[in-house]
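Heads up: the protein sequence lines correspond to chains A, B and C, in order. Numbered by this note's numbering, the letters in the first sequence go through residues 1 to 291 in order. Numbered by this note's numbering, the letters in the second sequence go through residues 1001 to 1297 in order. Numbered by this note's numbering, the letters in the third sequence go through residues 2001 to 2453 in order. All C-beta atoms, glycine included, are put in the ideal place defined by N, C-alpha and C. Here the structure is a predicted model, which means the values were calculated and not measured.
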Amino acid sequence: MPRNHTRGARWILSAPLLVFVAVAVIYPIVYGVRTALQNRTLLDPDASWAGAANFLTTVKDSGFWHAVWFTILFTAIVTCVELVLGFCLALLVDKYFPGKKPLLSALILPIMIAPALMGVMFRLLLNENIGAVPALLHDAGIHITLFSNGAVVPLLIVLDIVQWTPFTFLLFYAGLQALPRDTYEAAAVDGAGFARTVRSVVLPMMAPVVFITGFLRAIDAFRTFDVIYVLTGGGPGDQTTTMSIYIYKLFATGNFGTASAAAVLAALIVLPLVPVVTRRAVGGTTAEAAR
Amino acid sequence: MTEAVLTTPAQTSVPAGLPPRRRSEPRRAWWKTALVTVIAILINLPMLNAIYTSFRPDGDISRAPLSLHLHLTLGHYRNLFNGGSGYDFSRYFLNSVLISLGAVVLVLVLTIPAGYAIVRLGFGGRYLLRGVTALRLVPAIFFAIPFFLLYNSLGLYDTVPSLILANTFLNLPLGLLVLAGALRDLPVEIEEAAIMDGCGVYRTLRSVVLPLLAPALVAVAVLVFLFSWSDYLFAVILSSSNATPVTVGAANFVTSTGIRWGDISAATVLSVLPPLCFAVFAQRALVSGLSAGAVKG
Amino acid sequence: MGGTSRLVRAVSAVVLAAALGALAACGSSGSGSQGSGTGTVKMVLWPGPEGDAMAKVVSAYNAGQGKTDKIHIDMTLLSRSDTFSKEATLMATKSSEFDVYFTASYLVAQHAPYLQPLQGLDASRYFPSAVQSLQVEGKQYALPLDISNNFLYYRTDLINKLRTDPTWQASYARISQQLVGQSLTPKDPADWTWNDFIATAAFFTKKENPQSPTTYGTALQAKNLLFNTMIWDDVLWSFGGGWLDSSGKPALDSTAAHQAMQVYNTIYTKALTSPDSSQAEFPETQAAMTSGNAAMAIQWSAGYADLNNPTKSPTTAGKVGVAPVPGDKHQTHVHALAVAINNYGKNRSAAQKWISYLETPQAMTLYAKSGGIPAQPGVLSSLTSVNPVYTFIARDLSADGFSEPALPKTYDIYSALAQDLSGAWVGQQSIDAALKKADSDLGTLAAQKSGNK
């Protein structure tokens, strides 16, 4: 494209975003990082500088590392499972079948329920005394207690999968619909089996979508809060404490400085993922490629 | 709704007016219908249970989950709107709708031109994209105090605009990532042809790129709407009474003497309807976007 | 077109500067004038019985006395779980948004820097423990509004049968021998020790006693939640223990603390409560009772009304007995939910007038009739027909009630103890290790003094 023609345009086109970032993004970040460097609790209305003390407190707390480890494990498991299940479901639903339209809507209904409310709904559904799932299991002769010590972590993983597989499904389904049909139908006509077509034709073409979806899902899973907090409060002990729950509890007890420091550390842990993902998902920009 | 998001760019090559292609399917795959129905029921158990609970009287809810004697009541729904609960849910719904729509519009207004500038005009390279993407990594509670200060000093505390801005903030990464990806997949030749024909950058963006981008725009719109609709934390921090959305209103049924299961179930059931409606509306918008694209492209 | 780009750069710089400049000004709203003494007073409360009852008092005031005072009360309900985080945000920014804050015995020391001490509270109207629990360094910072404590709720039909039926008594003797090593006879729940409690819980557990009409004997609240620390404290205090010893040192590695842990651990690991109790709090305990699956539970005073309500809980209504929390010595945690004046509010003198109104027995009588539990024994005794549990509160609280030490970090301590101990309550962790960790966390938090002011 004629470059001199577009130099002004690119500033003008980006202006709204830049203004928004300047007004609504820079200040909160600067303020939050400053808080992380301050001795700031509810008991000290006037904060004083703490240097790296909050970061040191956080790093020395075994509870923090436990939360990091649990969160990473939880994120890795649910993201992988949701990517696989979402992809399979998208392949299953891709072509026409009777009743497809209403069923599509039903499949993504779970993501329309706010996580804060979903937590309460799970709490009712799974309650051993007044919940439907334990009652159904009981009637079927299956006697398990869903929240007992060994079951609670797998249960939380399953619940996350139930609510968020629809999200990965949604993006994958959209991606499949966007594929040039001819290519992948040609492969099928050539006699390549379904599995092989998926592996060697569909998957490579879907790679950017898989990356974006996996990334969006992973960073949201990394911040998981509502459902787990409502169901377990992070316990027993700190067994199910995620990063967000850890930080929320610091905040709720008025330890703003330490809470902010822990939040900065949490963000730093995932930060290296960003360039990897933006490169794989979006690639170099066209303009850069043209240079 | 799904159709909305999901009928995507493949169909941009379909001439307007023709029905969507239906690939040759020798027999109607009823087994798929059965399988998908089972999956849909399983993942919607919380919702189905909420619907069921929302029609049951308190005395039944507190005793047994499954009962063959159905005494149904509309009492919980009446509580939401009659002031029986002391909460004004019609207002909460209105707030939620305004907040979510506002966030959708703002995210699109910010990300479409910027995404185009980044991908096609090489603006800020990948740094802007990365910077914005990184925003979503920070746990939301980090922003509680600064957001409160910011919106309070702008005079926006407890107003719908403050929540629109907060949700825009939260969803910018999603919007920018998805749109940048979609833009990059568009064939650049069409735009080059348009520029050769004497279209300026803005006109190319408006008349050529936007229609081609319609499916991705709908996908972003629906996702932003959903995530804004679901936001809870920022709403707690930034609203007190005037701008309270449904999520926060419903949480009022979690009290120090237990959870009012029937009322909160009714609120949850109703809270799903507006996103569904939005999705249907978005689907229509998509169809017109597609035909516009087909005619011009 | 380079000009455009310079223009845009300049505009963004100006916008940024303006935004940051606007912010520099905030946070400086100070405590200057007390306000006019009239006008609107904005108050925060949380939803549920307290909020519902207060709404009635507010409308009565706005329609009556408020007209005379030229004061209008505007109440905002925040969600229960987030009321205090939201207030923390408001306080940390020295907000003047609300004139009256919602606080509690377990938070008042933390909130005190943002509150204005109250004038002329008539302490004689209140339970002494409620008034004292809202004092920080000798100053009264908040007005007790609603009082919370724990009781043993039991199914009278089941316990009466146990105390009269010889076959049941025989199996009770056998089961108690197995579980607590003594052959016990069923006693009046008002006289129970923890052994009686455990034996009865076992008797009403199907696994231990196939004849039991209930699945589990009791419903333990063992979720990692600060309110559950308060219930466990009942057990700790009943064995003569406490958070701190007489010299103010942490005392959670004591014999009493081990005994208290053992009570929870036995109930959970012997499955006298459902395995799901590890994630149970108030609503789950209510559900265990209303569904008829548990015979008794230690529960909050506020739970009684629903359990005894024929529409909400047909299974238990009319069959709920109330007894003090078991133990060699009966002890119940007591805390008050309270209202206090925002030190950074704009209308503090009007807020003070409203608080003084809330102190009147007439206001508290309306509050009690609307479902709240006021902290005034006089009001409770006159209204026992409204809620039978008032009788027990008025009777037991002066004798058995205790408050945990009001330290600046009391709220953190409750949370830390729930975090440290909840694993061992349900047998996930050793009692020794949990108590050692709790003792050391308590030591750290108890040593922290309030801030630089």
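Exposed or buried, which one is residue i when buried takes at least 16 other CB atoms within 10 Å?
i	result
T2039/C	For the sequence presented, residue 2039/C should be read as Gly rather than Thr. Its Cβ having fewer than 16 others within 10 Å, G2039/C is exposed.
L1137/B	buried
I1043/B	buried
Y1132/B	For the record, residue 1132/B in the displayed sequence is Val; it is not Tyr. V1132/B comes out buried.
Q2135/C	buried
D1197/B	exposed
N2387/C	buried
P2166/C	exposed
P2178/C	According to the sequence shown, residue 2178/C is Gln rather than Pro. So Q2178/C counts as exposed.
N1252/B	buried
K249/A	buried
A1144/B	buried
R2080/C	buried
A2338/C	buried
E2137/C	exposed
Which bits of chain B does residue i rub up against, with CB to CB less than 9 Å?
i	result
D2082/C	Y1232, L1233, V1236, I1237, V1248 and A1251
E2208/C	Neighbours of E2208/C on chain B: none; closest Cβ ~24 Å, over 9 Å.
For residue i, collect the residues of the same chain with a Cβ closer than 6 Å to its Cβ; drop the 5 residues on either side in sequence, then sort them by chain order.
i	result
R223/A	S244
V276/A	none
R40/A	A47, F256 and G257
L176/A	A90 and D94
Y1077/B	A1266
D2146/C	E2050, L2337, G2372 and I2373
Could you spell out where the alpha helix (DSSP H) holding residue i opens and where it closes?
i	result
L268/A	F256 to V270
Y1116/B	F1089 to R1120
L1165/B	V1160 to D1185
F2098/C	Taken as a continuous stretch (DSSP letters only), F2098/C belongs to no alpha helix (DSSP H), as it is neither H nor E.
M2091/C	T2083 to A2092
For residue i, which residues from the same chain have a beta carbon less than 8 Å from its beta carbon, with the 5 sequence-adjacent residues on both sides left out?
i	result
A263/A	G32, A36 and I247
E2359/C	L2121, D2122, R2125 and L2143
N127/A	P134
S2238/C	W2194, A2260, V2325, P2326, G2327, D2328, K2329, H2330 and Q2331
A1114/B	F1123, L1128 and L1176
H66/A	D238 and T241
Does the distance from the C-beta atom of residue i to that of residue j stay below 9 Å?
i	j	result
G235/A	S2085/C	no
Y2411/C	S2095/C	no
T2365/C	P2377/C	no
N1049/B	L124/A	yes
T1247/B	A114/A	yes
T2266/C	A2294/C	no
Over the uninterrupted beta strand (DSSP E) stretch that includes residue i, give me the two end residues.
i	result
L2045/C	G2039 to L2045
L2145/C	L2143 to R2155
Y2216/C	Y2216 to T2218
Q2299/C	A2294 to W2300
Taking C-beta pairs closer than 7 Å, name the residues in chain A that residue i reaches, listed in chain order.
i	result
Q2429/C	G237
Run through chain A and tell me which residues come within less than 8 Å of residue i, C-beta to C-beta.
i	result
T1053/B	L124
S1062/B	I130
Y2411/C	T253 and G254
Would you mind telling me which residues of chain A sit closer than 9 Å to residue i, beta carbon to beta carbon, in chain order?
i	result
L1094/B	None at all; the shortest Cβ gap to chain A is about 17 Å.
Taking residue i as the query, report the chain B residues whose CB atoms sit under 7 Å from its CB, ordered along the chain.
i	result
T278/A	R1126, L1129, R1130 and T1133
D2052/C	G1086
Excluding sequence positions up to five away, which residues of its chain have a Cβ less than 7 Å from the Cβ of residue i?
i	result
G2051/C	L2045 and L2077
D2245/C	A2251
P1009/B	Confidence at P1009/B is low in this model, with a pLDDT of 42, below 50, so its placement is unreliable and no value can be given for it.
Report the neighbours of residue i on chain B: residues whose CB is nearer than 8 Å to its CB, in chain order.
i	result
D2196/C	What D2196/C touches in chain B: nothing, since even the nearest Cβ is about 28 Å away.
M205/A	Result: empty, since nearest Cβ-Cβ is about 10 Å, beyond 8 Å.
For a contact defined as C-beta to C-beta under 7 Å, what are the partners of residue i on chain C?
i	result
K249/A	S2415
L146/A	D2276
D1058/B	T2311 and K2312
Which residues in chain C sit within 8 Å of residue i, going by Cβ to Cβ distance?
i	result
G32/A	Under the 8 Å cutoff, chain C gives no residues; its nearest Cβ is about 13 Å from G32/A.
Q.
Any C-beta of chain D within less than 8 Å: which residues of the stretch 42-75 of chain A qualify?
A. Included in the structure are the protein chains A, B and C, with no chain D among them.
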